[in-house]
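Under UniProt numbering, the first residue of the sequence shown carries the number 1, and numbering increases by one thereafter. Report on the following structure.
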Amino acid sequence: MLSAFNIAWYLCLKLAISMKKIELLAPAKNLETGIAAINYGADAVYIGAPKFGARSAAGNTLEDIGKLIQYAHKYWAKVFITMNTILYDHELNEAEKLIHKLYEMGADALIVQDMGILEMDLPPIELHASTQTHNYDLERIQFLEKVGFKRIILARELSLEEIKNIRKHTTVELEYFVHGALCVSLSGQCYFSHAIGGRSANRGECSQACRMKYDLVDDEGKVIAKDKHLLSLKDLNLSDHLREIIDAGVCSLKIEGRLKDSSYLKNITSYYRQSLDKIFNKKREYEKASSGTIKPGFKPDPDVTFNRGYTSYFFTGRIPEIANFHTPKSMGKEIGKIREVKKDHIVVDSKFKLHNGDGLCFFNKNKLLKGFQVNGVQGNKIFPNDMSMLQRGVSLFRNNDHEFAKLLKKDNSIRKIGVEFYLDIFDDCVNLTAIDEDEISANIQIQEVFESAKNEELALSNIKKQLQKSGDSIFQINNIEINFDKVPFIQAKKLNDLRRQCLEQLTEIRIEAAKQEENRPLIAHPQYPAKELSYMGNVVNCKAEEFYHKCGVEKIEKGFELQKNHAGKTIMTTKHCLRHEFGMCQKITKTEKKKNQALFLVDNKNRYKLEFNCQRCEMKIIFG
Numbered sequence: 001m002l003s004a005f006n007i008a009w010y011l012c013l014k015l016a017i018s019m020k021k022i023e024l025l026a027p028a029k030n031l032e033t034g035i036a037a038i039n040y041g042a043d044a045v046y047i048g049a050p051k052f053g054a055r056s057a058a059g060n061t062l063e064d065i066g067k068l069i070q071y072a073h074k075y076w077a078k079v080f081i082t083m084n085t086i087l088y089d090h091e092l093n094e095a096e097k098l099i100h101k102l103y104e105m106g107a108d109a110l111i112v113q114d115m116g117i118l119e120m121d122l123p124p125i126e127l128h129a130s131t132q133t134h135n136y137d138l139e140r141i142q143f144l145e146k147v148g149f150k151r152i153i154l155a156r157e158l159s160l161e162e163i164k165n166i167r168k169h170t171t172v173e174l175e176y177f178v179h180g181a182l183c184v185s186l187s188g189q190c191y192f193s194h195a196i197g198g199r200s201a202n203r204g205e206c207s208q209a210c211r212m213k214y215d216l217v218d219d220e221g222k223v224i225a226k227d228k229h230l231l232s233l234k235d236l237n238l239s240d241h242l243r244e245i246i247d248a249g250v251c252s253l254k255i256e257g258r259l260k261d262s263s264y265l266k267n268i269t270s271y272y273r274q275s276l277d278k279i280f281n282k283k284r285e286y287e288k289a290s291s292g293t294i295k296p297g298f299k300p301d302p303d304v305t306f307n308r309g310y311t312s313y314f315f316t317g318r319i320p321e322i323a324n325f326h327t328p329k330s331m332g333k334e335i336g337k338i339r340e341v342k343k344d345h346i347v348v349d350s351k352f353k354l355h356n357g358d359g360l361c362f363f364n365k366n367k368l369l370k371g372f373q374v375n376g377v378q379g380n381k382i383f384p385n386d387m388s389m390l391q392r393g394v395s396l397f398r399n400n401d402h403e404f405a406k407l408l409k410k411d412n413s414i415r416k417i418g419v420e421f422y423l424d425i426f427d428d429c430v431n432l433t434a435i436d437e438d439e440i441s442a443n444i445q446i447q448e449v450f451e452s453a454k455n456e457e458l459a460l461s462n463i464k465k466q467l468q469k470s471g472d473s474i475f476q477i478n479n480i481e482i483n484f485d486k487v488p489f490i491q492a493k494k495l496n497d498l499r500r501q502c503l504e505q506l507t508e509i510r511i512e513a514a515k516q517e518e519n520r521p522l523i524a525h526p527q528y529p530a531k532e533l534s535y536m537g538n539v540v541n542c543k544a545e546e547f548y549h550k551c552g553v554e555k556i557e558k559g560f561e562l563q564k565n566h567a568g569k570t571i572m573t574t575k576h577c578l579r580h581e582f583g584m585c586q587k588i589t590k591t592e593k594k595k596n597q598a599l600f601l602v603d604n605k606n607r608y609k610l611e612f613n614c615q616r617c618e619m620k621i622i623f624g
């Protein structure tokens, strides 16, 4: 338990702090990646529960989630649990029991999509409205705020000005994606995967139909684009806009990637940690939301880990080429061009050093992405394992930096919390106090008579030497002060035990201080903006129906997953407009032919009609 001294310190600090805490939120596929994210600078992580998360392949045991919570809380970092799928009736009781278990383990918040959860007997756990709740329109966000959500996870499609307007008209916490893969559909509004294969994105089973190839044809059968990845977006990178996002009122900056490995998390998390810390050093009204400092043994670079090319999406308004029609695969970093093609090697113009084992890729004359491995390097001569299709003048990309990958894998930096030791030695009492960077303290006393040191200078040096050691703990000893009436000789083992016990106590006190105050969500039922709810409301259970009826909705259509006939239904709504991408935007081109021209996506099995809402700058894909 917290001592009275620590509680007083902690409460005083909470009252005194006027700076706004900004949270860097990273994904966790599992316990290993969650710890990596925290070690490399995340203020919070989000991780899938054993079931009911929007990445069905990223479920975790309760035991592992408990370990992650315990580890995170040492740094006052938080752990949010994703239970953001829609639930069927037979799953409601299991989900409710699971929520209680997660709360008892100390989970800091629950990320949800299904409004049926709000009608459960919930523990006092913080609730966040998943981006799957379609947090795009101000009216919808205001509704969710009135319902009682502590935080709203904003849609990725929102621009800076739209975020500012939302902040102006709400007080709820706002979370926004800043990096990672982009869903081409408005979140929670994609039924493509379920329509073609029975795998619901709203159930965490998306088959990523958006990454497949399609033809774009008009109503006359003219092929505008053939065998292209027409719906495959580039990855999001808003690292150049972090200060604007923070100033707009966003408190949590989110990295996507709950299927990514530890190396990815190390690189991307530390990159954004360093970027934010630079901002905080200049703008003192902001500070990080957790404790500790990380010093990775590498220079973070988001270009060298998995990416499909980067885009700022709609943050600054509509921009060209937000998609990569040629490939959904990782391209990596552009490193130069082929100057010459020889019999067994190529000569490359590049300012980057290449290594044996690197993976390079290029687009061939048919615009298909091809790759090869580097078997040898001699200056600017590269010896590939495959010389086919290599041509002079072709741009090369490195999608596997072999040396950087090795560096990431072996780097096991541990985030450190600064501590000062105060050692008092008087009479037969030895008292060691540790005070950390958050002013949390721990104290260990021993009663023992020590002999006077024959060499006082050496004895003091040895005492400091032993106390300075923090090993693989989460602490870094920044300063040691010693007060004494005479310099004693204290054995190294005794000092090590004293230091260890003090730091263990400090860790326990920090974990205790990290516990959330119990604050039961006050679920309200404000008037919903409409009297009818279509299948896009994603209502598939009786409790969700109950919730919306209490909010004044009179007619509720069954969710898409409960319907058998999907013909004529919208299976995707997106801000990614193919008319705009191919120069046929009605706001730019005014010709009558193009104005009346119907467009279709075609794959090997189906033909999908495209509809355009130019007023909202949206494109819809119609099934059947």
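All C-beta atoms, glycine included, are put in the ideal place defined by N, C-alpha and C.
Excluding its 5 nearest sequence neighbours in each direction, SER263 has C-beta neighbours in its own chain below 8 Å: THR305, ALA405, LEU408 and LYS409, listed in chain order. The three-state secondary structure of ALA44, taken from DSSP, is strand. Bridge pairing for ARG151: HIS128 and GLU173 [DSSP].
Contact annotation, GLY336 with PHE352: C-beta distance approximately 7 Å; criterion of less than 8 Å satisfied. Taking the Cα positions, ALA77 is about 10 Å away from LEU24. Per DSSP, reduced to three states, the secondary structure at LEU230 is coil, with no helix or strand assignment. A Cβ-Cβ distance of about 17 Å is found for the pair ILE166 and ILE22, leaving them out of contact under the 8 Å criterion.
The alpha-carbon separation between LYS558 and LYS564 amounts to approximately 11 Å. In terms of CA proximity to ASN400, ARG308 leads the group LEU498, ASN462, CYS429 and ARG308. CA-CA distance, LYS469 to LYS299, rounds to 27 Å.
For the pair ASN356 and VAL341, the CB atoms are not nearer than the 8 Å cut-off. Within the DSSP secondary-structure output, VAL79 pairs in a beta bridge with VAL45.
Here ASP438 has SER291 as same chain residues with Cβ atoms under 6 Å from its own Cβ, once five neighbours each way along the sequence are excluded.
Taken atom to atom, the span from the alpha-carbon of LEU110 to that of PHE80 is near 6 Å. Beta-bridge annotation (DSSP): THR574 is paired with MET619.
Under the DSSP assignment, CYS429 falls in the beta strand (DSSP E) whose first and last residues are 429–436. For TYR214, the uninterrupted beta strand (DSSP E) segment begins and ends at 214–218. For GLU32, the enclosing alpha helix (DSSP H) has its first and last residue at 31–39. When rounded, the separation of the alpha-carbon atoms in THR82 and ALA49 is 6 Å. In the DSSP assignment, ILE335 falls outside any alpha helix (DSSP H) and lies within the beta strand (DSSP E) extending over 333–341. The alpha-carbon separation between GLY371 and ARG392 amounts to approximately 15 Å. Take GLU546, set aside five residues on each side of it, and the residues of its chain with a beta-carbon closer than 7 Å to its own are GLU119, in chain order.
As for any alpha helix (DSSP H) of minimum length 4 sitting wholly inside the stretch 476–529, the runs are 492–513, ordered along the chain.
Beyond the five residues adjoining it in sequence on each side, GLU448 comes within less than 7 Å, by CB distance, of ASP428 and VAL430 in the same chain, given in chain order. DSSP places PHE612 outside any alpha helix (DSSP H); the residue lies instead in the beta strand (DSSP E), whose first and last residues are 607–613. If you check the CB distance, ILE435 and LYS74 do not come in under 8 Å.
Exclusion of the five residues before and after LEU369 leaves HIS326, THR327, LYS329, MET331, CYS361, PHE362 and PHE363 as the residues of its chain whose Cβ lies within less than 8 Å of its Cβ. With fewer than 16 other Cβ atoms from the protein chains shown falling within 10 Å of its own Cβ, GLU104 counts as exposed. The three-state reading of DSSP puts GLU439 in coil, since its state is none of H, G, I, E or B. Between ILE86 and ASN237, the C-beta spacing is not below 8 Å. If you draw a 10 Å sphere on the C-beta of HIS128, you find 16 or more other C-beta atoms in it, and that means buried.
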